[in-house]
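Each residue of the sequence shown is one higher than the one before, starting from 642 at the first, in our numbering.
Idealized CB from N, CA, C, for every residue including glycine.
Just so you know, these numbers come straight off a predicted model, no measurement behind them.
What follows is a set of notes on a single structure, which appears directly below.
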Amino acid sequence: MPDPTTDKKSENEESAAPRAQTVSRRQLLTILGIGLNVIAGALFAVPVIGYVLGPAGRRAMGKGLEWVSLGSLAQFPVGETRLATYRNPFVRPWDGDTGDIPCWVRRVATDQCQIFAINCTHLGCPVRWFPQSGLFLCPCHGGAYYSDGSRASGPPPRGLFQYDYKIESGGLWIKAGQMPTLASPPSGACADQPVRCSCA
Ligand code: FES
C-alpha cells in the first residue's frame, strides 16, 4: 500500500520546483535591467564629460593657438589673393587630412598681408575667391565678401575672420590652431567690424 506521507512530500517538491524557477527568472530580468541602465548611463555620460572637460583640455594645449608657417612670403605676389594650407598644430594622430586647414592669403603690400579663415561667418561653408569680380563668394546661401574680407551682402553677420600674422626671415607665419568662430574669434578679429558684429 502506498505511503500517503511520501506522496504528499513528492507533490510539494513538484510544486516548489516551478516557483523557484519563476523567482530566478525575475532576478535575471532585474539584473539585466540594471545592466542596461548602467550601459545607457555610461553612453550618455561620455559626451557630457567630454563637453565639460573640453575647454580645460584646450587651455592645457596653450590656449589653442600657436605660430604656424605658411611658407615663403615670395609665393604670395603683391596684389593677389591665394589659397594656402597649414597643418593644425593641435591635431591628433587619427585626425588625418582633416588637420590640413586652408586659408586665403591676400598680399596687400610688400610687408602687409591679410589672412582670412576660409569659413563663411554665416554657417561655416568654405568661401571661394573670384578675382574677376574681386569677391569672396559662399556657395551655401549666397554670402559675399569684398576683397578685404568685409561683408558685402547675404546672410553673413560680419566679415571674414582674420588670422594674426607675422613676417620673419622672408617667411609668413600665422597664429593658428583653434578655429575662429563667432563665439571665440581670434584676437583683434573684430576691431574692423561694423556695429552689427556680435563679438566686438
Ligand atoms: Fe555662407 Fe550661409 S554659410 S551664406
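Of the candidates Val732, Ile815, Ser794 and Asp736, Ile815 places its Cα closest to the Cα of Arg747. When the beta-carbon positions are compared, Gln755 and Gly812 stay at least 8 Å from each other.
Where Thr726 is concerned, the enclosing beta strand (DSSP E) starts and stops at Thr722 to Arg728. Membership of Trp745 in the beta strand (DSSP E) is indicated by the continuous run Asp741 to Ala750.
The straight-line gap separating the alpha-carbon atoms of Ile675 and Ser665 is approximately 15 Å. Shown here for Leu714: same chain residues with a beta carbon closer than 7 Å to its own, the five before and five after excluded, namely Ile808, Gly811, Gly812 and Leu813 in chain order. Taking the Cα positions, Tyr806 is about 20 Å away from Tyr787. Sixteen is the threshold: since fewer than 16 other Cβ atoms of the shown chains lie within 10 Å of the Cβ of Ala681, the residue is exposed.
In the same chain as Gly795, and ignoring 5 residues on each side of it, the C-beta atoms closer than 8 Å to its own belong to His763, Cys779, His782, Gly783, Gly784 and Ala785, in chain order. The beta carbons of Tyr727 and Leu711 sit closer together than 8 Å. Taking the Cα of Gln716 as reference, the smallest distance to any Cα among Asp741, Trp745 and Phe771 is reached at Trp745. Listed in chain order, the non-local C-beta contacts of Pro734 below 7 Å within the same chain number zero, local neighbours out to five positions each way being set aside.
Scanning its chain for C-beta atoms nearer than 7 Å, with the 5 sequence neighbours on each side dropped, one finds around Cys761 the residues Val768, Cys779, Cys781, Gly784 and Pro797, in chain order. Among the bridge pairs identified by DSSP, Tyr692 is matched with none. Between Pro772 and the set Gly720, Trp708 and Leu673, the nearest pair of CA atoms involves Gly720. An exposed status is given to Ala686, since fewer than 16 other beta-carbon atoms sit within 10 Å of its beta-carbon. Spanning the alpha carbons of Ala817 and Pro688 requires a straight line of approximately 26 Å.
No residue range can be given for Ala715, since it is assigned to no beta strand (DSSP E) and is classified by DSSP as neither H nor E. In terms of side-chain proximity, the C-beta atom of Gly783 is found nearer than 7 Å to a non-hydrogen atom of the ligand FES.
Partner residues in the beta bridge of Tyr787, as assigned by DSSP, are Leu776.
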